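This report refers to the structure that appears directly beneath it.
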Amino acid sequence: MPVLFDTDIGTDIDDAVALAYLLRQPRCELLGVTTVTGDVQKRAAIAEVLCRVAGREDIPIHCGRREPLGYGKGQPDVAQYVAIADQPHRLDRPENTAVDFLRETIRSRPGEIVLLTVGPMANIATLFAIDPEIPQLLRGLVSMAGDFFHSPRREWNIIVDPEAAAIVYSAVRKEHRSFGLDVTLHCQMPAAEVDRQFQGDLLRTVHRLALKWFEHTGEITFHDPLAAAAIFQPGICEEKAGRVRVILDPDSDVSGLTAFEDGPGADRVAKSVDVAAFFQEYFAVTRS
6 MPVLFDTDIG TDIDDAVALA YLLRQPRCEL LGVTTVTGDV QKRAAIAEVL CRVAGREDIP
66 IHCGRREPLG YGKGQPDVAQ YVAIADQPHR LDRPENTAVD FLRETIRSRP GEIVLLTVGP
126 MANIATLFAI DPEIPQLLRG LVSMAGDFFH SPRREWNIIV DPEAAAIVYS AVRKEHRSFG
186 LDVTLHCQMP AAEVDRQFQG DLLRTVHRLA LKWFEHTGEI TFHDPLAAAA IFQPGICEEK
246 AGRVRVILDP DSDVSGLTAF EDGPGADRVA KSVDVAAFFQ EYFAVTRS
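Quick note on numbering: the sequence shown equals residues 6 to 293 in the numbering used here.
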């Protein structure tokens, strides 16, 4: 399965956990990694180190947009960079090449590629605005984003850049699968269990990043890895079809909420998750 991975790796730990899964998934043809928001160079450096540890230095890594499209707060912090700062890496990649790379790659393989987005959506919104045919040229669009079935709760990837998310969710898409807090918050692992489970060179490198994360929290929530695993094991989550709308109101605390209406539509939103099946899939792949 050809996959493009758009990420804000380096802030929350789950991006790195997801990248490890993609690098080890034998059915994943990882075509490239693009970084978004804040210090995209440091984010790219983290991805570079993980790819090297996995023996995949051939994977293209491109820097994307640093700033949100509109009134979002952005996400400048890349706290986990210090964990790999002593490893060989680049900090001199050309700026703002992500969108062109995504566009060229998708157009070169129409109908084949799954685009996985696990960060703010500035790169993807820019891509769709520049080339409105792109959503129709994807095999699928998969996002860790939103919160759809519980009391109003804003999800970070949306509120960091709500206008970008609104552009993506209003685009004419064939299918857009979203995995929000409704399901991802069920997939948690305490730090002590992470210490035991994260074995092998790649996961131990992710564990180095996680130690920085554990300075302010006691667990990992597998938000992004759940979205990644669902590409290859769609039965992990129950999904409902319908339409998603992102609420935009910069002067209100409802800005960035995701409203879901079930029925006909291009959106498929995860409603429940088989947590045991997810963790079985994740570690079966990453320990292989």
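Backbone N, C-alpha and C define an ideal beta-carbon position, used for all residues, glycine too.
Owing to the predicted nature of the structure, the values given are computational and were not obtained by experimental measurement.
Reduced DSSP secondary structure (H/G/I, E/B, other) of residue i
i    : result
R248 : strand
V274 : strand
R209 : helix
Q204 : coil
D11  : strand
T122 : strand
G145 : strand
D267 : strand
Short Cβ contact (8 Å threshold) for residue i with residue j
i    : j    : result
V251 : A127 : no
A103 : G69  : yes
I118 : L9   : yes
D19  : H228 : yes
I129 : V173 : yes
E166 : G77  : First, the residue type needs correcting, since residue 166 is Asp and not Glu in the sequence shown. Contact: yes.
D97  : G43  : no
Buried or exposed (CB count within 10 angstroms, at least 16 for buried), residue i
i    : result
Q30  : buried
A281 : exposed
S113 : exposed
Q204 : exposed
S183 : buried
H221 : exposed
P73  : buried
K47  : buried
M258 : It should be pointed out that residue 258 corresponds to Asp in this sequence rather than to Met. So D258 ends up on the exposed side.
V177 : exposed
H155 : exposed
Beta strand (DSSP E) segment containing residue i, residue limits
i    : result
A88  : From DSSP, A88 is part of no beta strand (DSSP E); its letter is neither H nor E.
R182 : H181 to F184
F283 : Note, F283: premise wrong, no beta strand (DSSP E); alpha helix (DSSP H) at V280 to T291.
E168 : Segment P167 to S175 is the alpha helix (DSSP H) holding E168; no beta strand (DSSP E) there.
A84  : Taken as a continuous stretch (DSSP letters only), A84 belongs to no beta strand (DSSP E), as it is neither H nor E.
Opening and closing residue of the alpha helix (DSSP H) in which residue i lies
i    : result
T110 : A103 to S113
E53  : V45 to V58
I139 : I139 to L142
I163 : W161 to I164
D20  : D19 to R29
Cross-strand partners of residue i (DSSP beta bridge)
i    : result
T131 : Its beta-bridge partners do not exist; DSSP assigns none.
G37  : L9
P195 : E224
H67  : T39
E243 : S277
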